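Asker: Each residue of the sequence shown is one higher than the last, beginning at 0 in numbering that gives the first Met the number 0. Don't be surprised by glycine CBs; every beta carbon is placed ideally from N, CA and C. Values in this document were obtained by computation on a predicted structure and should not be read as measured data.
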Amino acid sequence: MQSHKNFPTDSVRHVISLSGGKDSLALWLLAREQGINATVVFADTGHEHPYTYDYLSVLEQKLGVVMRVRADFRQRIINKRHYIQQIWPQKLVEKYHFTPQEAEQRIHYALAEMYPRHIPFLDLCILKGRFPSTCARFCTFELKHRPIDEQIITPLLARYDDVISWQGVRAQESAFRARLPELEQDTGDKMGLHVYRPLLHWTHEDVFSLARRHGIPPNPLYQLGCARVGCMPCIHARKKELGVIFRRFPEQIERVAQWERIVAACSTRGNSTFFPSTRDPGKAEKDTYKISLDSHGIQTYRGWAFSKHGGKLFDDIAALNDGKPCHSIYTGICE
0 MQSHKNFPTD SVRHVISLSG GKDSLALWLL AREQGINATV VFADTGHEHP
50 YTYDYLSVLE QKLGVVMRVR ADFRQRIINK RHYIQQIWPQ KLVEKYHFTP
100 QEAEQRIHYA LAEMYPRHIP FLDLCILKGR FPSTCARFCT FELKHRPIDE
150 QIITPLLARY DDVISWQGVR AQESAFRARL PELEQDTGDK MGLHVYRPLL
200 HWTHEDVFSL ARRHGIPPNP LYQLGCARVG CMPCIHARKK ELGVIFRRFP
250 EQIERVAQWE RIVAACSTRG NSTFFPSTRD PGKAEKDTYK ISLDSHGIQT
300 YRGWAFSKHG GKLFDDIAAL NDGKPCHSIY TGICE
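#1: Taking 8 Å as the cut-off, decide whether the C-beta atoms of N28 and I15 are in contact.
#2: How would you label I77, buried or exposed, when you count the other beta carbons within 10 angstroms and need 16 or more for buried?
#3: Verify whether the separation of the beta carbon atoms of D160 and V40 is less than 8 Å.
#4: Three or more beta-carbon pairs under 8 Å between the segment 214–224 and the segment 237–250, yes or no?
#5: Measure the alpha-carbon distance for L198 versus I215 and round it to whole angstroms.
#6: Given this structure, state the Cα-to-Cα distance separating S132 from P88, to the nearest angstrom.
#7: In whole angstroms, what separates the C-alpha of K239 from that of D279?
#8: Can you tell me which of G191, S164 and H203 puts its alpha carbon nearest to the alpha carbon of I35?
#9: So C138 and L123 are in contact, right, with Cβ under 8 Å, and what is the actual spacing, rounded?
#10: Consult DSSP for R268 and reduce its assignment to one of helix, strand or coil.
#11: Assuming contact is defined by CB atoms lying nearer than 8 Å, are G128 and T267 in contact in what I supplied?
#12: Helix, strand or coil for S327? Go by DSSP, reduced to three states.
#13: When the Cα atoms are used, what is the spatial distance from R136 to A263?
#14: Where does Y195 fall in DSSP's three states?
#15: Check whether the segment 97–117 touches the segment 147–159, counting contact only when three or more Cβ pairs, one atom from each stretch, lie closer than 8 Å.
Structure, rendered in structure tokens:
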């Protein structure tokens, strides 16, 4: 398979999707080192920490223009309102065993909240009547892949013979990613669209070292103990990371709790939670009639996020108050 460097330079365009995290920054710096003037794009989910938005502005000042794209669900939400009005009266009674009066009340609450907030992540969840999960991970496609494809990739393919999309995946992250090739050609059923993964065999240390060499500091969230940069929190957030968010950024937890109330109102049963109740580490529940925001909402994860294995509360979180300016889990960040 040929290298990305073998494509004719006058008919190819390179695209880098920037998240504000360590790997996508490394892609941008690597491209610059190779003399490649890539199109750099940030897909704004509306679910990022304010530090990340500030960090993107810093990167723009130091490295160049970042194009921003956002998913737009306005028309689909309008269509969903019509669906609720026309289909739910019968569906709630026949499928979910509501009484006609209960169905009418559920529809009233849903329609009261079924309107766009112009926050892509929230609007997508309003549309779906639920939050994404491991088994239904529609967020990445709807909030990142699709808007980048429609607003950036497709227009570029109309102007260039080839578009090379750089991906910052690394084999160190998972066995699945370790099996990915460095270069894939004509991907996604699109002739001329190629995927390039130059960091595939890089380590965390390699990525941060490249940024240091260019004098670019990491996203401050890494220094505050976050393992990843992106959605705050991600649906895949691990226990320790969730504990950091509860301790350092309680306003982000409260924001998600407010979103839960909106999305729950737009769901068929009125009880959609950010994390699926079936995977609750302390009180997993499959019976939808026993699930509520009070029993399984994101605020109920506080105790678990601060606990040791076995559920015993501990004061390890006090380490965050030890006066040290840096608590990164990555080697070398705090040096």
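Answerer: Taking the definition as stated:
#1: Inspection of the sequence shows that residue 28 is occupied by Leu rather than by Asn. No, Cβ-Cβ distance for L28 and I15 is not below 8 Å.
#2: Note on I77: under 16 other CB atoms within 10 angstroms of its CB, so exposed under the neighbour-count rule.
#3: Going by C-beta atoms, D160 is not nearer than 8 Å to V40.
#4: Short answer: they touch.
#5: Those two C-alpha atoms are separated by around 18 Å.
#6: Taking the straight line from one Cα to the other gives about 27 Å.
#7: Taking the Cα positions, K239 is about 15 Å away from D279.
#8: Of the listed residues, the one whose Cα sits closest to I35 is S164.
#9: Rounded, the Cβ-Cβ distance is 7 Å, consistent with contact.
#10: Here R268 sits in coil by DSSP.
#11: Against a cut-off of 8 Å, the Cβ pair of T267 and G128 comes out as a contact.
#12: Look at S327 here: in three-state DSSP terms it is coil, with no helix or strand label.
#13: Taking the straight line from one Cα to the other gives about 18 Å.
#14: Reduced to three states, the DSSP call for Y195 is strand.
#15: Contact fails between the segment 97–117 and the segment 147–159, because fewer than three Cβ pairs, one in each stretch, are under 8 Å apart.
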